[in-house]
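Below is one structure, written out as structure tokens; comments come after it.
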């Protein structure tokens, strides 16, 4: 009998423990028990009886709509199933009982696979765009300090102009990349917005996908955090080791190096984060999604921080530089922002890991 | 051996016709069906359970808690007036279906 109980537990484990489910399990259990006792009475051995009972169990998935099980997790009218479409008259009414408030359609396995594939394909584009936002002020910084120090024959105004033009071009290119990615992911809007009903099979699939790629993601995160912390080193090395005259004109280049390291870390991390992000999208249906591409990263704190943090840093840098005419000193924002970002990211991912371990 | 697909639409008819005799519980229904069909068709437990729940949802049968001779709790199902009426319709529908299909297979060697 224990084998039968264990079998039934396994079959039902994929479904939520609702009252209707438990009722179904109890009644099927009673049926199987009766059948088992019946087979023993006809002279079958215990093993043979268990085998017969399990063979005659049938398929829970196939009949879930009528069991009222899928009405709990994925309501659909029973008219869409072969069982009742073969019937007519009052029996075609769904068993689910009184209609509940409309529940979004369940996510299908196929849909989930297509979404994961699209994310895998487009994630490098997201990574590149975020990185471009971060490096966008690099030419401006390098040119301004180089021209101030007289290393290149370019007036400061021209340097600012060229640097700003580069910044704008890079930002526009990054925005266009994000828009294009958003367009490609638009058909999965209901998934990213959480407007779907979870399905146990898809949940398990998504978790397995994330688990499979988790070691890769962990390595990527370590590399990225390392880069973010080391990002301060070009600036530190330049300030401490070089001659003061050299430092004042090349410090912008060092800051650009810092930004490139931060951006590289973001590329490494975001590219490796897609499976985790897909799993989070598919296993969470509460619709607290952020707008735009940040929505896809909504569970990845580092991703959210990156999306808001760096544009903010750019804004502060430009405001300070222009309003305070502080081009000579305002670069200091970047190494500070870089180190702060590294610290924030490692701290937050530690919190994330701690929560996950709970 | 009859495929589950072929007979699926008529499981309800089988259950209703058995319940017309007297109230019964799921396992007993399965046994009664087996007694009639023999080796030609074995009903899966999930299929039968599904059928009675569907009929109950459509108010064609009602259920009540009962107990076996040994005191084991059991859910009994009882046909309703609607159920009897529906059974008549389904029987008439089956006769029509059978006669229509028969006209097509006349002369086909099986």
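Residue numbers (the UniProt record's numbering), protein chains in the order written: chain A, 1 to 358; chain B, 1 to 110.
Beta carbons are placed, not taken as given, at the ideal position from N, Cα and C, and that holds for glycine.
None of the values given here were measured: they were computed from a predicted structure.
Discussion item. Using a 10 Å radius around the Cβ and a threshold of 16 neighbouring Cβ atoms, would you call residue 265(A) buried or exposed?
Written reply: Looking at its Cβ environment, which holds 16 or more other Cβ atoms inside 10 Å, residue 265(A) is buried.
Worksheet entry | Pair within 8 Å by beta-carbon distance, residue 305(A) and residue 345(A) | In contact: residue 305(A) and residue 345(A) (Cβ atoms closer than 8 Å).
Item to complete: Return the residues of the segment 33-53 of chain B that lie within a Cβ-Cβ distance of less than 7 Å from chain A, sorted by chain order.
Response: So the close ones are 42, 44, 45, 46, 47, 49, 50 and 53.
Discussion item. Considering Cα atoms alone, identify which of 202(A), 259(A), 165(A) and 107(A) is closest to residue 313(A).
Written reply: Out of 202(A), 259(A), 165(A) and 107(A), 259(A) has the C-alpha closest to the C-alpha of residue 313(A).
Discussion item. Between 310(A), 276(A), 257(A) and 283(A), which has its C-alpha nearest residue 361(A)'s C-alpha?
Written reply: This structure cannot settle anything about residue 361(A), because the visible part of chain A is limited to 1 through 358.
Discussion item. Assuming residue 63(B) is part of the beta strand (DSSP E), what are its boundary residues?
Written reply: Start and end: 61-67.
Item to complete: Give a yes or no on contact between the segment 181-194 of chain A and the segment 237-257 of chain A, applying the rule of three or more CB pairs nearer than 8 Å.
Response: Below 8 Å, too few C-beta pairs join the segment 181-194 of chain A and the segment 237-257 of chain A to call them touching: fewer than three.
Discussion item. Here's a check: name, in chain order, each residue in its chain whose Cβ is nearer than 6 Å to the Cβ of residue 86(B), leaving out the five neighbours to either side.
Written reply: Excluding positions up to five away in sequence, the list reads 60.
Practice prompt. Buried or exposed for residue 111(A), please, with buried defined as at least 16 other CB atoms from any protein chain shown within 10 angstroms of its CB.
Written response: Per the 10 Å Cβ criterion, buried.
Worksheet item: Could you give the uninterrupted runs of the alpha helix (DSSP H) lying entirely in the segment 170-216 of chain A, keeping only those of 4 residues or more?
Response: The segment 170-216 of chain A is shown to contain whole alpha helix (DSSP H) runs of 4 or more residues at 189-192, in chain order.
Worksheet item: According to a CB-to-CB cut-off of less than 9 Å, which residues of the segment 32-44 of chain A neighbour chain B?
Response: Listed in sequence order: 32, 33, 34, 35 and 38.
Item to complete: Determine the contact status of residue 89(B) and residue 19(B), defining contact as a CB-CB distance below 8 Å.
Response: With contacts defined as CB atoms closer than 8 Å, residue 89(B) and residue 19(B) fail to qualify as a contacting pair.
Worksheet item: With a CB to CB cut of under 8 Å and the five nearest residues on each side skipped, what residues in its chain are close to residue 209(A)?
Response: For residue 209(A), where only same-chain residues beyond five positions count, the Cβ hits under 8 Å are 116, 275, 278 and 279.
Item to complete: Give the straight-line distance between the Cα atoms of residue 106(B) and residue 97(B), rounded to the nearest whole angstrom.
Response: Linking residue 106(B) to residue 97(B) through their CA atoms gives a straight-line distance of about 14 Å.
Worksheet entry | Simplified DSSP state of residue 22(B), which is helix, strand or coil | Correct three-state label for residue 22(B): coil.
Worksheet item: Pairing CB atoms from the segment 36-52 of chain A with CB atoms from the segment 63-70 of chain B, are three or more of them under 8 Å?
Response: Between the segment 36-52 of chain A and the segment 63-70 of chain B there are fewer than three inter-stretch CB-CB distances shorter than 8 Å, so the stretches are not counted as touching.
Worksheet entry | Continuous beta strand (DSSP E) stretch holding residue 76(B): start and end | Run containing residue 76(B): 73-79, per the beta strand (DSSP E) assignment.
Practice prompt. Pull up the CB-CB distance for residue 212(A) and residue 42(B), whole angstroms please, since I reckon it's below 8 Å.
Written response: That belief does not hold up - the Cβ atoms of residue 212(A) and residue 42(B) are roughly 40 Å apart, past 8 Å.
Fill in: Cα-Cα separation between residue 237(A) and residue 176(A), rounded to whole angstroms
Cα to Cα, the separation comes out at about 36 Å.
Worksheet item: Given residue 7(A), which residues of its chain have a CB within under 8 Å of its CB, disregarding the five upstream and five downstream residues?
Response: If you ignore the 5 residues before and after residue 7(A), its C-beta comes within less than 8 Å of the C-beta of 54 and 57, all in its own chain and listed in chain order.
Item to complete: Return the first residue and the last residue of the alpha helix (DSSP H) that residue 154(A) is part of.
Response: Neither: residue 154(A) is in no alpha helix (DSSP H) and is coded neither H nor E.
Practice prompt. Grab me the residues of residue 48(B)'s own chain with a C-beta within less than 8 Å of its C-beta, minus the 5 sequence neighbours each way, in chain order.
Written response: Once the five neighbours on either side are set aside, the close Cβ partners of residue 48(B) are 11, 15, 26, 29, 30 and 33.
Discussion item. If we define contact as Cβ-Cβ less than 8 Å, is residue 97(B) a contact residue for chain A?
Written reply: No, residue 97(B) lies away from the interface with chain A (no Cβ there is under 8 Å from its Cβ).
Worksheet entry | Assigned secondary structure, residue 16(A) (DSSP; H/G/I helix, E/B strand, else coil) | In this structure, residue 16(A) counts as coil in the three-state DSSP scheme.
Practice prompt. Rounded to whole angstroms, what's the CA-CA distance from residue 50(A) to residue 50(B)? Just pull it up for me.
Written response: Residue 50(A) and residue 50(B) have their C-alpha atoms spaced approximately 22 Å apart.
Worksheet item: Does DSSP put residue 137(A) in a helix, in a strand, or in coil?
Response: Three-state DSSP puts residue 137(A) in coil, outside helix and strand.
Fill in: Extent of the continuous alpha helix (DSSP H) to which residue 112(B) belongs
Because chain B is modelled from 1 through 110, residue 112(B) falls outside the range shown and cannot be assessed.
Practice prompt. Report the rounded CA-to-CA distance for residue 262(A) versus residue 231(A), giving the unit in angstroms.
Written response: Looking at the two C-alpha atoms, the distance is approximately 6 Å.
Worksheet item: Excluding five sequence neighbours on each side, which residues of the same chain lie with their C-beta closer than 6 Å to the C-beta of residue 14(A)?
Response: Closer than 6 Å at Cβ, skipping near neighbours: 200.
Worksheet item: Which residues does DSSP pair with residue 106(A) in a beta bridge?
Response: DSSP output for residue 106(A) lists 197(A) as bridge partner(s).
Worksheet entry | Residue range of the alpha helix (DSSP H) that includes residue 52(A) | First-last of the alpha helix (DSSP H) with residue 52(A): 46-55.
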